[in-house]
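J.: Quick one: structure below, then a few questions.
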Amino acid sequence: MALMGLWARAYHVQVVKGPQYAKMANRQYWASETVSGKRGEIHDRNGLLLAKSITTQSVYVRPREIVDRWTTARRLAPILGVQPKKVSALLDPKKPFVWVGRKISDAQASAIRKADLPGVYLDAETSRQYPQGHLAGQLLGFVNVDGKGIEGVEKSFNDLLAPSSTKYRVQKDAAGNRLSSPERGDGAEFDGRNLKLTIDSQVQLAAEQALERSVVRAQGKYGTALVVEIPTGDILGWANYPYFNPNVVKKTRGEWKNRLAVDIFEPGSTLKAILIAAALQEKICTPSTEYFCENGKWSVKGRRIKDTHKYGNLSVNKILRYSSNIGVAKIGLALGAQKYSHYLHEIGFARPLGLPLPGESAGLVRPASQWTQVDLANIAFGQGLGVTVLQMAEAYLCIANDGVRLPLRLLYEPDRPVEGKRVFDSEVSRMVMSMLEEVVQEDGTGTRSRIEGVRVAGKTGTAQKASPAGGYGSDYVASFVAIFPADKPRYLVFMMVDEPKAGHYGGVLVAPEVREIGVQLLTASGMLAEPAEKNQVARVTPERYVAPVSRASAISADQPTMPDLQGATVRQALEVLVARGIVPTLSGDGVVVEKQKPLPGEKWPEDKKCRLWLAYRPE
């Protein structure tokens with residue numbers, strides 16, 4: 037009986053199925069095979085990897101080669117984590133080729149190989165990975181399943197990053213296995229070009245964590261923060277909160293919006309410095325010119341304007357220091373709509389700045405010919421127009437850069453000359469910078485951003501949000517802009533929190549976290565001494581820094597296990613961890629590492645996860 041079965045099987049294979057198998061063999065003997073390169077990598081300014089492509093496996097079927105459609109579906113479905121009916125529907129014998137799983141895991145690929153199903157094949161593709169997780173997630177954007185940039189930098193520079201490909205004619209057997217192939221390289225010659233951004237990952241991390249603290253404490257809807265290197269216009273930090281992790285697009289799809297570039301808001305009091313600069317430039321006033329602030333209440337064409345305090349006569353510098361709406365409204369009316377509108381356009385409002393990002397907003401500034409006196413008064417103190425965080429940062433960059441407007445830069449090109457356009461005289465810029473210092477260092481609205489031993493310039497912003505029903509509602513935007521240090525401007529930080537519920541003043545909700553970013557920037561650059569008695573950083577609490585322990589100088593990224601970071605400064609710890617591709621999560625306040633996870637002596641974390649607890653240690 038066994039012998040008869042063997043003969044029957046042989047007859048079936050040779051006679052019944054023989055012509056079919058021969059046809060398959062002949063049809064597949066010669067085939068076209070595409071060789072593609074990998075998508076280009078994205079790095080920060082220091083070379084830290086932000087995005088890369090890795091080889092992964094995808095599974096496809098040739099339905100005409102499948103003997104039993106339902107059996108194949110039942111065996112494939114649990115491997116791919118889908119229902120058998122879904123797989124079976126794809127196995128249409130009318131189709132010569134069908135993808136059933138793109139960019140699957142190594143475990144799934146191994147299971148498919150072991151299953152050895154007729155008509156089911158694996159093919160190598162590339163998959164995009166973002167090693168730093170959510171770090172600069174909205175800025176980087178993401179790619180689709182075919183590796184095409186869909187959002188962010190990935191989309192804007194898709195043509196540069198995208199690989200090329202070529203086709204080869206190869207011999208294959210009936211199972212699709214290559215029998216021979218022409219001589220060729222590894223495909224590297226088809227790789228896309230790499231991209232280096234101006235982003236500094238350490239600065240980015242500091243900005244994201246400070247922004248998160250600000251939004252959470254303020255109970256805000258979302259927040260944004262931008263850090264700019266003033267001499268070059270290079271963007272060092274680009275933060276949006278809530279975060280977006282491009283590795284898990286489907287799970288965080290709602291957070292991919294790049295609000296820094298696309299969202300517009302009414303800036304409120306942060307715009308007052310720009311108005312005053314324009315008025316000084318046109319010689320409408322001087323810093324000492326006084327305006328009567330109507331004891332806190334004033335009407336323009338029947339519309340009431342209010343201040344938070346009852347001010348009488350205030351000089352221009354005090355109008356900015358105390359953020360008087362009435363004072364700047366009177367300055368704006370004296371300047372006039374045409375002249376004010378001219379400076380708003382010259383400094384960068386009402387048009388996209390031209391950064392290489394999809395969907396950058398132009399903001400909303402109506403033509404001056406349409407402004408009423410009420411409009412002019414409102415726009416003077418930052419209501420009645422829409423701007424982006426980018427535009428506000430570039431406007432203050434102009435003030436900080438001696439009155440010369442510099443373009444913000446996102447591509448790291450250190451050898452490219454920085455070209456600017458003068459908007460304000462140097463003297464005007466210096467006068468406004470001096471006034472902005474008063475906001476922070478005197479009894480102004482930005483005192484929570486003070487850093488002892490460092491001259492800081494800043495401005496608070498609190499703006500009501502327009503109501504869908506008309507007029508203004510009960511929601512606010514809180515913001516703060518700071519320049520560190522004011523006497524030799526190096527860094528500019530702009531932070532905004534939308535719809536805070538735990539208050540609404542930028543000087544209270546936002547300024548302290550902008551200050552924390554400033555401390556880390558100045559410390560890392562050597563402009564603020566590492567914890568030292570002569571240069572303590574002022575805090576709300578009386579705690580003070582202590583010097584790091586001596587072993588901190590010995591820590592290294594080359595150690596075989598996790599080093600002892602306890603006692604090291606944040607800068608020292610970050611330098612070591614970032615060198616290993618690790619961007620840690622920071623908890624607590626301060627600049628000294630108090631404890632860590634993984635613990636000293638444990639293995640370097642394969643998942644790149646690390647947490648540091650920070651503290652200001654009392655002496």
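The numbering used here numbers the first residue of the sequence shown as 37 and each following residue consecutively.
C-beta atoms are modelled at their ideal positions from N, C-alpha and C, and glycine is treated no differently.
(1) Just how far apart, CA to CA, sit G228 and L127?
(2) Please state the DSSP three-state secondary structure of D643.
(3) Just the C-alpha distance for E371 and Q317, rounded to the nearest angstrom, thanks.
(4) Once the 5 residues before and after E265 are set aside, which same chain residues still bring their CB inside 6 Å of it?
(5) Once you ignore the five residues that flank T325 on each side, which residues in its own chain have a CB closer than 6 Å to its CB?
(6) With distances taken from CA atoms, which of G617, S623, L601, E611 is nearest E638?
(7) So, do the region 288 to 308 and the region 326 to 340 have three or more beta carbon pairs nearer to each other than 8 Å?
(8) Identify, in the order they occur along the chain, each residue of the same chain with its Cβ nearer than 7 Å to the Cβ of E474, setting aside the five sequence neighbours on each side.
(9) Could you spell out the range, first to last residue, of the beta strand (DSSP E) harbouring V517?
(10) Checking the sheet assignment: what are the DSSP bridge partners for A87?
(11) Would you call P567 buried or exposed, if buried means 16 or more other Cβ atoms sit within 10 Å of its Cβ?
(12) If we call anything under 8 Å between Cβ atoms a contact, is F178 one with L231?
(13) Could you have a look at T424 and say whether DSSP puts it in helix, strand or coil?
(14) Just to confirm the assignment: which complete alpha helix (DSSP H) runs, minimum length 4, are found wholly within the region 318 to 370?
(15) Is the CB-CB distance between Q477 and R486 below 8 Å?
(16) Start and end of the alpha helix (DSSP H) containing W135?
(17) Does V619 come out as helix, strand or coil in the three-state DSSP assignment?
(18) Taking its Cβ as the centre, do 16 or more other Cβ atoms sit within 10 Å of H345, making it buried, or is it exposed?
(19) Determine which residues share a DSSP beta bridge with E265 and list them.
(20) With H, G and I counted as helix, E and B as strand and the rest as coil, what does DSSP make of F178?
(21) Can we count A547 as close to the ligand MG, meaning its CB is less than 7 Å from some heavy atom?
(22) For K366, I'd like the list of residues in its chain whose CB is within less than 6 Å of its CB, leaving aside the five on either flank, ordered along the chain.
(23) Please report the straight-line C-alpha distance between Q238 and L112, rounded to a whole angstrom.
(24) Mapping DSSP to helix, strand and coil, what is K121?
(25) Please state if the CB of Y432 and the CB of V490 are separated by a distance shorter than 8 Å.
(26) On the CB-based measure, 16 or more other CB atoms within 10 Å of its CB, does D534 come out buried or exposed?
(27) Can you give the Cα-Cα distance for V546 and A499, rounded to whole angstroms?
(28) I'd like to confirm the pairing. Which residues does DSSP put opposite W106 in its beta bridges?
(29) With a cut-off of 8 Å on the beta carbons, I'd call L311 and G368 a contact; round off their distance for me.
(30) Given 8 Å as the limit, is there contact between the region 523 to 531 and the region 539 to 553, that is, 3 or more CB pairs closer than that?
(31) Go ahead and label D104 buried or exposed: buried means 16 or more other beta carbons lie within 10 angstroms of its beta carbon, across all protein chains shown.
(32) Looking at the unbroken beta strand (DSSP E) that takes in L158, where does it start and where does it end?
(33) What does L650 pair with, by DSSP beta-bridge criteria?
(34) If you draw a straight line from the C-alpha of A125 to the C-alpha of Q119, how long is it?
(35) Residue ranges of each alpha helix (DSSP H) run of no fewer than 4 residues wholly in the region 371 to 425, ordered along the chain?
(36) Could you please give me the residues that DSSP links to M532 through a beta bridge?
T.: Considering the structure as presented:
(1) 34 Å
(2) coil
(3) Note that residue 371 is Leu in the sequence shown here, rather than Glu. Each residue's Cα considered, the two are about 10 Å apart.
(4) L272
(5) V352
(6) L601
(7) no
(8) N353, R357, G480
(9) 508 to 520
(10) I78
(11) Low confidence applies to P567: its pLDDT is 47, below 50, so where it sits in the model is not reliable, and the reading given next is rough at best. Burial call: buried.
(12) no
(13) coil
(14) 352 to 358
(15) yes
(16) Unbroken run through W135 is the beta strand (DSSP E), 134 to 140; no alpha helix (DSSP H).
(17) coil
(18) exposed
(19) D270, Y527
(20) strand
(21) Only the bare structure without any ligand can be found here, which leaves the ligand MG out of the picture.
(22) Y327
(23) 45 Å
(24) helix
(25) no
(26) buried
(27) 13 Å
(28) Partner(s): none; W106 has no beta bridge.
(29) 6 Å
(30) yes
(31) exposed
(32) 156 to 165
(33) V629
(34) 10 Å
(35) 373 to 382, 409 to 416
(36) T260, S515
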